[in-house]
Amino acid sequence: MIMALLAIILTLILVIGIHELGHALAARLFQVKISKISIGFGKPLIQWQTQSGCNWIWAMWPLGGYVQLLNSRISPVKPQENAYCFDKKPVWIRVVILLSGAIANLVTAWIALVLVFYIGISYKLPQIQSVKPDSLAAKTGIQAGDQWVAVESYPTDSWQGVGMQLVIHWGQKNVQIVLRQANQQLKKLSLDLSQIEFTSKDGSLLESMGIKPDLSAVSSLKRYPSLLASMQKAFDEIIHTMYFFIMILKQLFLGIIPFSILLGPLAIFSVSVASLTQGVIVFLLFIATLSLAVALVNLFPIPGLDGGSILYSVIEKIRGKPVSVAMEVLLHRLMVILFCVLLVHLLMNDLNRYLHH
359 MIMALLAIIL
369 TLILVIGIHE
379 LGHALAARLF
389 QVKISKISIG
399 FGKPLIQWQT
409 QSGCNWIWAM
419 WPLGGYVQLL
429 NSRISPVKPQ
439 ENAYCFDKKP
449 VWIRVVILLS
459 GAIANLVTAW
469 IALVLVFYIG
479 ISYKLPQIQS
489 VKPDSLAAKT
499 GIQAGDQWVA
509 VESYPTDSWQ
519 GVGMQLVIHW
529 GQKNVQIVLR
539 QANQQLKKLS
549 LDLSQIEFTS
559 KDGSLLESMG
569 IKPDLSAVSS
579 LKRYPSLLAS
589 MQKAFDEIIH
599 TMYFFIMILK
609 QLFLGIIPFS
619 ILLGPLAIFS
629 VSVASLTQGV
639 IVFLLFIATL
649 SLAVALVNLF
659 PIPGLDGGSI
669 LYSVIEKIRG
679 KPVSVAMEVL
689 LHRLMVILFC
699 VLLVHLLMND
709 LNRYLHH
């Protein structure tokens, strides 16, 4: 119970807290007054006020957070406070403040990955335990004992790497893969991922292909000899992970992979607890991945997110005047409704996942 609580608190601080801290530091740099910083939404569970008048809040529902800046478009301000209002600052300053949350997440992910690769992380080699008869894998020529080497020339030295590449190429014909057989000979196969359908009942993309991973396979320690090499690898990993997330969104939008693969808040917190119990390095890898996801999602040009506010600022720069407050409020309320619907679906995903497994 204590470990679970610790994992959830650390996740909220290292992902949501740092995101909001990024906004707050940028706001302070440009002399914008901060009224409130909240981790979570709803009723405050813990709150305190600093000497500057900023309220820090830990709220009931840990589904995000926000930084409330002084804004004359939202509430009246004293004439002497106009210089400290967010809406009175030049557009480029507002955009920098809005981007700073995602930048903070990117920096967090990079530092976490540098530590992961410098200290080293163990991966189970992607060796196949069994292949279901008449499955896609069996028809392709994949056999028990084979070990994944590459997918479309991209090295796959772990099951995580295999899964990411399968998602990226899901729905495509003639996906070139390389496997190492039990006799150490390499074989090249062409995998058709265009016809197979994945459902939540399959549990994973691998299971939908008829592949069962060998969890008793030898582990391999991935470690880079120098801090500089670890820093470069961390940067490369961020680029690849962001590309992976973008491809998932594309596959979801095209209907190639189902919405049911997405994790809701219950599953995310469950993964955070599981990762911490496996060690600090695995937990750091989880924090890095979640930080990148939060950074990307927050930059979507959707009302209520940082990307939506950036879009408003760009429109203001082009038009010479801001979007009306009434329009912003209307769009924000619509997005809150859509967000609630999305949250319900994600929670249903989590419940279905637990019921089936």
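Numbering (the numbering used here), first residue to last: 359 to 715. Note that the Cβ used here is the ideal one computed from N, Cα and C, for glycine as well.
Under the three-state DSSP convention, the category Asn429 falls into
coil
Whole-number beta carbon distance between Val683 and Ile673, since they are thought to touch under 8 Å:
Rounded, the Cβ-Cβ distance is 14 Å, inconsistent with contact.
Residue environment, Val631, which counts as buried when at least 16 other CB atoms sit within 10 Å:
buried
For the candidate residues Ser574, Phe617, Trp506 and Gln405, whose alpha-carbon lies nearest to that of Met706?
Phe617
Candidates Ser577, Ile486 and Gln409: which alpha carbon is nearest Ser480's?
Ser577
With distance defined between alpha-carbon atoms, name the residue in Trp419, Lys391 and Asp504 nearest to Lys546.
Asp504
Range covered by the alpha helix (DSSP H) that runs through Trp406:
Unbroken run through Trp406 is the beta strand (DSSP E), Ile392 to Gln407; no alpha helix (DSSP H).
Cβ-based neighbour list, Ile366, same chain, cut-off 8 Å, excluding 5 preceding and 5 following
Pro420, Phe627, Ser630 and Val631
State the Cα-Cα distance for the pair Pro434 and Leu621, rounded to the nearest angstrom.
41 Å
Less than 8 Å between the beta carbons of Pro659 and Leu689, yes or no?
no
Let me check understanding here. Comparing Cα to Cα, which of Met418, Gly411 and Thr466 lies closest to His377?
Thr466
According to DSSP, simplified to helix, strand and coil, what is Ser511?
coil
Looking at the structure shown, is Leu547 part of a helix, part of a strand, or coil, going by DSSP?
strand
For my contact list, Leu642 and Leu473 are in at a C-beta cut-off of 8 Å; report their separation, rounded to the angstrom.
6 Å
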